[in-house]
Every structure is written in structure tokens, then in C-alpha cells.
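Beneath this line is the structure, given in C-alpha cells, with notes to follow.
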Amino acid sequence: MNSKNINDDIGESTRLKLWETMLKLRLTEKKAYDLFLQNLIKGTSHLALGQEAIGATFGVLLEKGDYTFCTYRGHNHTLARGSSIVGVLGELMGRQCGLMRGKGGSMHLTDVENGVMGSYAIIGAHIPIANGTALASQYNKTSEVTVCFFGDGTTNIGAFHEALNMAQVWKLPIVFVCENNLYMEYTAIGDVTAVEHPAADRASAYGMEKIIVDGNDADEMYRISKKAIDKAREGNGPSLIEAKTYRHSGHSRADPGKYRPDEEVKDWVENKDPIKIYRQRLKDFNINETKINSIEEDMIRQVEEATEMAKSSPIPDIKEIYTDVWADGGSEWHN
Amino acid sequence: MNSKNINDDIGESTRLKLWETMLKLRLTEKKAYDLFLQNLIKGTSHLALGQEAIGATFGVLLEKGDYTFCTYRGHNHTLARGSSIVGVLGELMGRQCGLMRGKGGSMHLTDVENGVMGSYAIIGAHIPIANGTALASQYNKTSEVTVCFFGDGTTNIGAFHEALNMAQVWKLPIVFVCENNLYMEYTAIGDVTAVEHPAADRASAYGMEKIIVDGNDADEMYRISKKAIDKAREGNGPSLIEAKTYRHSGHSRADPGKYRPDEEVKDWVENKDPIKIYRQRLKDFNINETKINSIEEDMIRQVEEATEMAKSSPIPDIKEIYTDVWADGGSEWHN
Amino acid sequence: MAQLTYRESVSLAIAQSMRKDQKVFFMGEDVGAAGGVFKATVGLLDEFGPERIKDCPISEQAILGAAMGAAMSGLRPIAEIMFSDFLAVCWDIIANQIAKTRYMSDGQINIPLVIRTANGGGSKFGAQHSQSLENWSMAIPGLKVVAPSSPRDVLGLMASSVQDPDPVIFYEHKSLYAMKEELDKTDIEIPLGQANIMHKGNDVLLIGLGLMAQRAKKAAEILKEKFNVDATVLDLRTLVPLDLQSIKREAKKCGQVITVEENPRLCGWGAEISSLIIEHCFKDLKGPIKRITTPHIPLPSADILEDNTIPSVDVIVDETLTKLKIKKEK
Amino acid sequence: MAQLTYRESVSLAIAQSMRKDQKVFFMGEDVGAAGGVFKATVGLLDEFGPERIKDCPISEQAILGAAMGAAMSGLRPIAEIMFSDFLAVCWDIIANQIAKTRYMSDGQINIPLVIRTANGGGSKFGAQHSQSLENWSMAIPGLKVVAPSSPRDVLGLMASSVQDPDPVIFYEHKSLYAMKEELDKTDIEIPLGQANIMHKGNDVLLIGLGLMAQRAKKAAEILKEKFNVDATVLDLRTLVPLDLQSIKREAKKCGQVITVEENPRLCGWGAEISSLIIEHCFKDLKGPIKRITTPHIPLPSADILEDNTIPSVDVIVDETLTKLKIKKEK
Ligand SMILES: Cc1ncc(C[n+]2csc(CCOP(=O)(O)OP(=O)(O)O)c2C)c(N)n1
Ligand SMILES: Cc1ncc(C[n+]2csc(CCOP(=O)(O)OP(=O)(O)O)c2C)c(N)n1
Ligand SMILES: [Mg+2]
Ligand SMILES: [Mg+2]
């Protein structure tokens, strides 16, 4: 696409927001990777390097009060909603400054203040749950939209099916976003799925429209997502978007990703990287390079500062183990 | 359809088998209803009066060694495979002569000898399990076909989705049969389903063909089902059939079925009853009325005899409580 | 004065909660127009309309997921799972999501919801529609577990469950739906974590729940009348929070303890209670704690088989006499 | 002599079973080409090919359903559920179908299958990837429950599990995958229902399972060395069938009993064992049975929080000393 020739329906300020958000995601996750190597992050962690355009788009499009639900691969979506970098890195490092002070860990990032209604580590479970906040908006006759992110592999689990049917039957204000990165953990999605497009080819089974989008092109993502969000907000029911993308690294911390052909990885990293694409796009739209670069420099600085803050944050008090099982703040199971 | 004008692809002897099987089902279930009224059957029971053409067709088409899986509404499918009337009625009455000597009850009829691999009372659970016998046939390179029956409401549960995808991915020799009787328990299927045809409109989500058939016309059922069985037996993978039908009575014993419009019930019972339709069909094909009637009389007699046998069968010994939890025949959980 | 069945108490309890709090709504399969398979929600649709009484597809994960999400955004859903056996099809939503999300979020998220379900045997429904599964949820940190044994308790415990800020699994016993009780008022609250003494005595403590509490009470009456044995019957009412104080006090007083469970033996709630009593009252015990349970088998269907599987009043009487070394011929 | 890790023992055990019996096959998510997320099935695809090592979609109900159906027609599937926490998403297939079908069919149907799963904490994976869930399956009649604590036990118990005519849930402990052991042979069988005495002594009986058995053993070594306390450590190995004989014998011998569980407190297997010991050995007990468990909370993620939640060797030592009223300064 030659962007110069089309009418600029998106506009510079939104584009710069998309750029800034994508950088926040990219740079924070790259930092997380460094912190693993330094053994400052324990446990597991699932990076989404290469998938930033999707989360970023929704981060820019959604309003305060809107709800998002994501998975263990949810650092991006959490950061995109406005969560602090120190809160995310702190949680990964198990520090007091973490979003959940170390209780949840990297797979469960939650930041209700920013509409991040949790990250869920059991495949598919959050899809029906996301219907619930959408149902609440409908019940309360308020106009929040719920967005639920999940992967290609997730379309084969039962909860996906149940939730999509219910959303349509009740015309819930929700947008389902399948990030098709071509693999579940180490298995190619095509090897275990009866249709070519794991989400889009199922849309009709829920009376929904088939929508496939280049998930690495932030502009395309923006346009399609905006439509779906508007539709939901106007009370016209759910949408299912399949966004094609790719993760640059392995499935999780321990995974070198060797099951993927070298050329495939290379192609996606070199030719289809959403950040590279978007840097070029901004130039195509004649956006001032100093602006582009200063946003980047600023974000580099923010990530560095947040890293230092997280590193110097204390580890949680072990008394925290016994808090917040119940709404009374404690963990007693007897009187 | 004017049957006289078409080439008789089915033939008299098959038609008489269909007739006989449908009568076996109808008369046994009607007897079961009488036995409730006499309080000789306790617990619950789910009749499928009006849905006989579907089970009967498969009963006639399947070969020894083929596997069937059905639901709590499974008296028909069990009888159709050749299970004895006394075994079925005996089980409903909780007698020693019952197929499972009273251990399973009306919702769990099982008769492995006749390929009836169980009746399952939790919606959808048996669909993935049915894949398993199909997988075994594939693994053993034998040619049995598995058939799995379920209702329209069942298409909204997760297990359905998972199982259909897996069956197609592995090209399993299985036929899925959705008996769409328009209602789940008391709720019209259209009120809770995102598509018009709960099974057929989802076939494409599993890379399968959309197949809808008049489930009350045994000839139509026979033709469509034969194709699907042949396809499976030849190693060409699964099919999903949606058979439109209707249950004459309520969902279960206690249900008068009042949520259904009177005219709707009347139309199905009077104009679309599979037995009535087929009696006429046999006549249209100039099949000798004495044959038709003598099969019926014979079946009435068989059901009466079986009823008496079941009534005179003893109740199970209470020692049976402790048998057959484990393959060693007992129930000990410690050494 | 009102005479109410347990079944009627359920719909009344829901209605009372819904009248008081607009945030409360109710969802389940066949619950609205049909009033539920046990007719325990008759009348609700008429009073509250389809926005607050929601008929659902057969999608238990979607039902509880939606209930959870709605609770997360401040509503107070009551969701029905028709039979407790079906908790298994949505067990992940219950055990991994509903129960853990508050803790994992470091308290950012509250999940005030009630899951009500028909539990227990006695109806000859067979192994997949008759289980007693209170212990499944007791084993999951983050869930409160309630099991009323009378119309009054249904009213009082449902009111508290709906107001509770944490998720509650509310086990109604199928064999109690027809039970009637005279009540002088219906707008009552019974706090969670408060066991009920149904019968008083010093010889032996019978601890029960749901139907088994009622059977233990009948057994205590027979024990008193025919054998002059004075039993205390403690209906736990809620397993979480557990009324450990009352358990300890009564166990110490009686010195002899029997738990009466409807679930199969292994890892039933009686095991937990037994181990707690050992821990806290070891010196006061005059003999081992006896656990009456269903054998460790799936539940059979035929009348005679089911009736002889679930602990009956007679079995409770007999086991109590055996424990106290009293001959039945007395 | 072979030195094997627990992880390697898993794939070797599966391979040995598959070599002997053509009816055995293996299925799960990412198990073939990738060798499993814990690398516990590396090499199997190469040796047995895709017909016997089947990579599956993320569809746990479909996986266990297919395994069950295949077992019903005479095959002997081994199915992997990647983390035991995910048993919840297929709990109906396990608890209501696999466990009950033999009984409901009056013995017409056998279900010889093994479900293996990575269980337990220690990896900082958080509340949905770290649970210890042996008690969930112990509570279900019709399931056998196995939890090996060493490479040798993996080999011996897997061989028996695969040959067993009943369904077995096989809990491998994530924190043991790296454990090494010297073995003089690998083709071994250990019957189900035979507990293992890992340490001998008369002062106190420590009963453990999986990782907790190993920690109890280390605790016993410290107790002996530093405090001259002689502990017997009994690794139950299987919860169903349960080696009640050994439990009774050792409990009677020692008179003091501690169970060491990794699961949260309520309705853990320790409660059952405790109630059994009370029932069978009441007079031989010198004091209450102590249950060491994880607190009744979801598992936290951060190092320091997780480490202080799951019972450690130190905690076991301390609790044992407290129980025996021995001062630590000794
Ligand atoms: C019920 C369940 N099964 C399996 C897993 C293990 N698991 C974690 S991530 C993953 C792959 C998910 O693939 P996809 O949905 O494509 O998301 P992606 O990781 O590619 O973002 C699997 C199988 C899980 N967490 N939950
Ligand atoms: C998981 C589960 N949810 C709910 C039920 C209760 N239930 C039994 S039959 C039924 C309706 C099933 O409808 P359908 O699939 O159309 O079959 P039909 O009864 O019409 O043959 C329901 C909801 C159940 N048995 N299992
Ligand atoms: Mg993916
Ligand atoms: Mg139906």
C-alpha cells in the first residue's frame, strides 16, 4: 500500500500515539528479556515481541472504563492500556512495586484501575469471563466496551465456542481478538485445526462476520478495530477479528522456538516487523523524523528508569502470603 | 414426494426392517410410559417418541462391531442396535434382568455386545468419547464406524466443538448425528443459539459439509446416513448430520411440555409422525398390507412378553452395590 | 406465619435479594419461562423480566464465566448449575478462575457471586445426577461453601450468600425440595460460618450437612426415644467458613464423634472435620471418630441399590449404637 | 547401571510400555515433535512415529474423551494433560465419565488408561500452573491415583499403571523432573498400592507423597543427625489403591504421626489418612496427628512468597520437633 496516496483517515496525532504505544510494548518486553538473562525474573514469561500492533491499537482506541482481558502473553495488552512499566516489570521480578505485589506473577497481570481485568493462564477461560463485563455494561445500560484477546490455538477449546455463541445470542458489547501467530506452543496451528483460519472460518458458526486483518500493520488494525469497537459501543453486538501476526521469540522463556523454519522467522522479523513497518509508515506520511525519534528516545529512557525503580523495589513481605484470599483481606477459612 | 415415481433405491426388505425397528422403538417407549404411570419405573426417563426414524435408520444400516454412543434420551438408539426389550425395560424398572442390572438406570443404557457403548447423561460428554472408538478403529486399521447421537441443545457446549475439530483433523471414521427436536429442555433452541441450524450451520467451522435432513422420513434418513457411514468406512473422515425432528412428549417424565405451542405439537404428532409417514410410504410402494400389519402385531406381542418378563424379574441383590467399580470386579480402594 | 417448601424458599430467597438490590440478577438453563427443572425458580421471570432472569444455552462455562465477569464489574449474579454433577464441566471456571482471581490480583478484584446447584441423591437419577459434591469446593481455597438443610436455612443462608463479597457455592439438596416448614417471617439472615444445633445431648456428637443433618436429627430422636442415648446433632450449614468453635465445643463436651456424609468416603468433608477434631480435641476424645459415608463407589440407580448406598436414618442409629457399644436389643 | 533423571524416566517408561504392547499409544499437546514442555517425552516421536505419538489441539476434553473411547475399545492410551491445573477443564470427562462408566455399565466396559500430568509447585508459575491436585482425584471413586517421587518409581509405577485395567491419574512432580538416580536396571515394575519406606525410625512417622516424600526424607536425615530423632518416612506412592496395611503398621509402631502435604489444607489427602489412622490406630496414638500442608490459599508467584508457602524441609523438621516437644537448641 502506498500510504501517501490514500486519504489520511487516521491522522498524525493518533499515529504518534500508536507509535509510542508500540515502542512502550517492544522496549519493555526487550528489557524483560534482558532481566531473565540476568536471572532477575524467575518463573516463566511469555513475550509477544512482534505482536505489538494489536495490543497497541486497542490501547489507543479504548476509553477509560472499557475492559480488556488477555492471556499469559499479556504484557503488551496490559502496558497498552496505560499500566506503568515499573508495575509490569516489578511484577515479573516479584517485587513490592509489581502490579499485584508478586502474588500473581507474569501470567496474571491485572490492573483494574486501567481496565485490565486480568491475564489468564488457562487457555480459553477468560473468553466467557470477558462476556461478563460486557453483560454488566448491557445490564447497567452503560457504554463500556469489552475486548478479549487470545491466540489461534485457543480457538480449539470448548470455552471459546460457548462464549462466542452466548455473546451473539445476547448481543453483548464485546470484541474478540484472535492473534493468529501461526503456532500454539510448539505445534503449527494448521496441524491441529480443521480450518485454515482458526477464528475467522468459525465466525459464521456464531452468526458473525468473517474478519481477517494484517495484525502487523497498525493502521489496518486501527481501522478494523475501530469499526468493531464502535459497533459494540452502539449496541450492535460482538465481533470476532482474526489478526495475522507472529511472535519473534519462542513460546515462553525456556523455548528457543526451533520448530519454526528459519526462513519463516527471518521473513517475519525482517520484513513484517510491526515497528519497522510503522516507522516507515510515519515517514510515508511525512511525519517529522525528530518527533518520531524523540518519542523513541523518550521511551527508552522511561523503560530504563522503570527498570531501575523496579530493581530497587523491595521484595514483598512474606505476610502477604496470607492476605486477600477473601474480601475481608485475610485468608481465614474458619471462625 | 411421490415415492411411486422414484426408483426404489432402498428396497422392500430394508424398508420392512426400518418399519420393524421403528415399531420396536415406539412400542417399547409407549410401554415405558405406561410403566411410569404404574409407578413401576422410578427415577427419571426421557422418551424419544416421534424421533424413531433416526435411531432406526442407523440400527438398520450399521454392522456388527460398529459403535454407537447416545444420550439419556437413548432408549431408541439402544433398542435399534438390537438390544433386548426386556433388557431395556428391565433396566428402567431397576430389575436384575436390566442391561446393567439396575446399576446404571434409564440414562445410561449400555450393551457392548451390540455395540451400544453407553448412554451419557452429561450434555456433550460422549462426543469426544465417541471419537475414541473411531480412533481405535483407525489405529487398528479395522473398518468399524462409530456413530454419535446428540440433541440440538448439545451443540452449544464446549465438548461438541472440541470433538468435531479433532475428528476432522484426524479424519476419524465417525458420523455425528444431531437430532434437532427444536428444544433443549424447555427452552426453544433458537432462543439460545446464534445460528438457525445449530449443527449444520457450524459444519463449516470444522471443514465439514452442511447436511440437513428430514429426520422423520426414514427413507431420507436412510439415504443420507448411508452416505455418511460409507464415507467413514472408506476412510474419508467424519460427517455431521442435522436431522430435523420433534419429541411428542415432554423432556422427561415430569414434564408436560407446556412451553410448546399446541398447534406446533399437533402438527408434528398428526402430520409428521415418522411411523404414520412410513406406514403410508410402505403402502405407496405397494408393500403387502398383511406384512405391514403382521410385523406390527408381532412387535406388540414381543413388547408385551418382554414387559411380563421384566416385571417378574427379581430386583438386584444389594451386594451388587459393591461390585464392578474396578476391573477386578470389586470396590476396594485399599490393600 | 407462612408454610413454605424448601423449593419455594429458593425462589423466595432469590426474589427477596433481587427486590433489595438491583445489582442482583439470576441466570441458568431453563430457569426463566420454565421455572427450573426442580421448579425452584417459578415466578421469578414474571416478577423481574428477562433482563434480570436470564435463560441460557447449555454452556456451563459460558454461564459461570459471564457470572464471574459480571461480578468483577460490581453486579451480584446468582447462577444456577442445574445439577451439582455438572460443576465438573465448568470446574476450571470455578476452581481456577472464580476462586483464585481475587488473590492473584492482590485484592484488586472482588467476585461476589452465588452459584446455586441441586445436589445429592435419593431420586434414582443414577451416578451422573446424584452426587454430593460439597467436598469438591471445600478443597478449593477462595470458595465459600453453603448447604442448607431446611426452608428456613435456605432463606437465611441465601440472603447472606448474596450479600457476601466472596464467591459462594450454594448446594441445595434435591431430596429436600419438598420439605415444608412453618416460618413466622421470611426475611431472615443467617450468617455464614454458624453451625446449627438441631438436637442436644451429651453422649455423642453427630455432625451432618444438608440431607444428612436432617437424617442425623431423626436418628437422634430415635436414639433418645428407643435407646435413651442423648445425641447432639450439629448441622454445619457452611463448610467454608467453618464453625470450628462449635465443632470443638461440642466435640469436647461429648467426647464421642460421628460425622455423617452423603459423599463417597475418600477425602470427604468428614475427613477434614475428623482431622480437625483430632488436632484440637485429642485429649477429650473417648474413642475414635467414626465417619459414616457412602461407600467409595459411583452411585447406583435402582431403588434398592441407591437406598442401600446413601446413609439412612437406620444406619446412623445402628452405627451410633455400635460406636457407643450399646446393643440394639435394649 | 544407568543414571537417569526423573524426566528421562518418564519417556523411557512410556517407551518401554510401548515396545512391549502395541496397544499402548501416547497423546497430548506439543508432546511429539517438541518432546513436551517439560521435555519428558523427547525421542518418542522418532521411535514410534505419529500414529502412536499424537500431537493434539488445545482441547483437553477431546483428548481425554478420545483416550477414554480408545480404552473402551481395548487400546491402552497414555494421555498427557500438560499441567495438573488443566485437569479442571476436562474434569467432567475424568470424574463423571472415565471414573463412573465401568460401574454404570455393570462391568461391561473397562477403561485401561493412564493420564499423566505435571503437578506441584516450586517453579514460580503462579496459582494456575502450580497446584498439587492428587486429592481431587482421590475423592472420585473409580480412579487410581499415583504420584512417583523418584526416577525409579516413575519407571516402576508407570509400568504398572499402563498394565492396570483401570484408569490411573499419574501425577509427576515438576520440581522432581531434574532429579537424578543411579539404577541398575530400568525394566521394573512396582505394584500399585505399595508404599515405600524411605527412612526408618520409631519416634515419629512422616507420611509424604511426591516432592513432599523427598522433603520428609531429608527432614528425617536432619532429625537423626542433629536431634537424634528417629523418624520413619513413608512415601505413599499411590493414594488409590492405598497401602492401608503399611500406614497402620507404621502408625502403631511410632505412635506419633505427621502427614506432609503440598496441597492446601482443606480436604487434602492428609485429612483422609488422618481419619483412617484415628479409626484404626486410636489406642496406639501418643498424641494428635499433625498435618503439615500449604495454607488454604491459592499459590502466590514471587520467589519469596512461593518458597514460604510450600512446606520446606526446615518446616518439616521444625514441626516434627514441636510435635515431639523437642527444643531446637538441642
Ligand atoms: C487448558 C490449557 N491447555 C494447555 C495450556 C498450555 N498452553 C499454554 S500456552 C499454549 C499455546 C496457546 O496457543 P495460542 O492460543 O495460539 O496462543 P499464543 O501462545 O500463541 O499466544 C498452551 C497449549 C494451557 N495453558 N491451558
Ligand atoms: C452439562 C449439562 N448441562 C445441562 C444438563 C441438563 N439437561 C439435560 S437434557 C438437557 C437438554 C438437552 O437438549 P438437546 O441437546 O436438544 O437434547 P434433547 O433432550 O432435546 O434430546 C439439559 C439442559 C445436562 N445433563 N448436562
Ligand atoms: Mg498462537
Ligand atoms: Mg433437543
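Protein chains in written order, with my numbering: chain L, 117 to 451; chain B, 117 to 451; chain E, 37 to 366; chain Z, 37 to 366. We treat Cβ as the ideally placed atom computed from N, Cα and C, and that holds for glycine.
Does the beta carbon of residue i come closer than 8 Å to any beta carbon on chain L?
i	result
V351/Z	no
N297/B	no
A175/E	no
I325/Z	no
K160/Z	yes
I309/Z	no
Just checking: is the beta-carbon of residue i within a distance shorter than 8 Å of some beta-carbon in chain E?
i	result
I245/B	no
G178/Z	yes
V291/L	no
N118/B	Residue placement at N118/B is flagged as unreliable, the pLDDT there being 48, under the threshold of 50; the coordinate-derived value follows with that caveat. Not an interface residue.
Is DSSP giving residue i helix, strand or coil here?
i	result
K280/E	The question names Lys, but residue 280/E is Leu in the sequence shown. Note: L280/E maps to helix in three-state DSSP.
Q167/Z	coil
Y367/Z	Residue 367/Z lies beyond the stretch modelled for chain Z, which goes from 37 to 366, so this question has no answer here.
N118/B	With a pLDDT of only 48 at N118/B, under 50, the local geometry of the prediction cannot be trusted, and the value read off the model is given with reservation. In this structure, N118/B counts as coil in the three-state DSSP scheme.
V351/Z	helix
A344/Z	The sequence shown places Asn at residue 344/Z, not Ala. The answer is coil: DSSP assigns N344/Z none of H, G, I, E or B.
E297/Z	strand
A443/L	coil
Y375/B	coil
D335/L	helix
E65/E	coil
Y362/L	coil
Any beta carbon from chain B within less than 8 Å of residue i's own beta carbon?
i	result
Q254/L	no
R55/Z	no
L341/E	yes
Give a yes or no on whether 8 Å exceeds the smallest Cβ distance from residue i to chain Z.
i	result
P152/E	Reading the sequence as shown, one finds Arg at residue 152/E and not Pro. Not one chain Z Cβ lies under 8 Å of R152/E.
S429/L	no
P334/E	yes
T226/L	no
Looking at the C-beta of residue i, does it have a partner C-beta in chain A at a distance below 8 Å?
i	result
L80/Z	Absent from the structure is chain A; the protein chains it does hold are L, B, E and Z.
Hey, is the region 288-302 of chain L in contact with the region 247-254 of chain L, meaning 3+ C-beta pairs nearer than 8 Å? The answer is yes - the region 247-254 of chain L touches the region 288-302 of chain L, with three or more Cβ pairs under 8 Å.
Whole alpha helix (DSSP H) runs in the region 301-335 of chain Z with 4 or more residues, listed along the chain? Runs of the alpha helix (DSSP H) lying entirely within the region 301-335 of chain Z and spanning at least 4 residues, in chain order: 305-317.
Take every Cβ of the region 330-341 of chain B, pair it with every Cβ of the region 353-367 of chain B, and state whether three or more of those distances are shorter than 8 Å. Contact between the region 330-341 of chain B and the region 353-367 of chain B is present: three or more C-beta pairs spanning the two stretches fall below 8 Å.
Does the region 124-141 of chain Z come close enough to the region 331-345 of chain E that 3 or more CB-CB pairs lie under 8 Å? Between the region 331-345 of chain E and the region 124-141 of chain Z there are three or more inter-stretch CB-CB distances shorter than 8 Å, so the stretches are counted as touching.
For a minimum of 4 consecutive residues, which ranges assigned as the alpha helix (DSSP H) are wholly contained in the region 270-325 of chain B? Within the region 270-325 of chain B, the alpha helix (DSSP H) runs of at least 4 residues that lie entirely inside it are, in chain order, 274-285.
Could you pull out every unbroken alpha helix (DSSP H) segment of at least 4 residues lying fully inside the region 109-155 of chain Z, listed in chain order? Counting only runs of 4 or more, we get 137-140.
For the region 404-435 of chain B, enumerate the residues whose C-beta is nearer than 8 Å to any C-beta of chain E, in chain order. Answer set for the region 404-435 of chain B: I431, P432, I434.
In chain order, each beta strand (DSSP E) run of at least 3 residues that lies wholly inside the region 196-252 of chain E: Runs found: 204-209, 216-219, 232-235, 240-244.
Counting Cβ pairs closer than 8 Å, one from the region 173-193 of chain L and one from the region 149-157 of chain L, do we hit at least three? The region 173-193 of chain L vs the region 149-157 of chain L: no contact.
What are the residues in the region 300-318 of chain B lying within 8 Å of chain E by C-beta distance? Of all residues in the region 300-318 of chain B, M300, E301, Y302, T303, D307, V308, T309 have a Cβ within less than 8 Å of some Cβ in chain E.
Would you check if the region 426-441 of chain B and the region 202-213 of chain B touch, i.e. whether three or more CB-CB distances between them fall below 8 Å? Segments in contact, yes.
4-residue-minimum alpha helix (DSSP H) runs that sit fully inside the region 76-107 of chain E, ordered along the chain: Under the rule that a run must span 4 or more residues, the alpha helix (DSSP H) segments found entirely inside the region 76-107 of chain E read 80-84.
Any 3 or more C-beta pairs closer than 8 Å across the region 255-271 of chain Z and the region 266-283 of chain E: Too few Cβ pairs lie closer than 8 Å, so no.
Which residues, in order along the region 214-227 of chain Z, keep a beta-carbon less than 8 Å from a beta-carbon of chain E? Residues are counted here when their Cβ sits less than 8 Å from a Cβ of chain E; for the region 214-227 of chain Z the count is zero.
Curious, which full-length alpha helix (DSSP H) runs of at least 4 residues does the region 227-272 of chain L contain? Taking 4 residues as the shortest admissible run, the region 227-272 of chain L contains the following complete alpha helix (DSSP H) segments, listed from N- to C-terminal end: 242-256.
When you check each C-beta in the region 264-287 of chain E against every C-beta of chain L, which residues fall closer than 7 Å? Against chain L - using a Cβ distance shorter than 7 Å - the residues of the region 264-287 of chain E are V276, P277, L278, D279, L280, Q281.
What residues does ligand 6 have around it, judged by CB closer than 6 Å to any heavy atom, in chain order? Ligand 6 is absent from the structure shown, which contains only ligand 1, ligand 2, ligand 3 and ligand 4.
Stretch-stretch touch, CB-based, cutoff 8 Å, three pairs: the region 57-72 of chain Z with the region 208-228 of chain Z: No, they do not touch.
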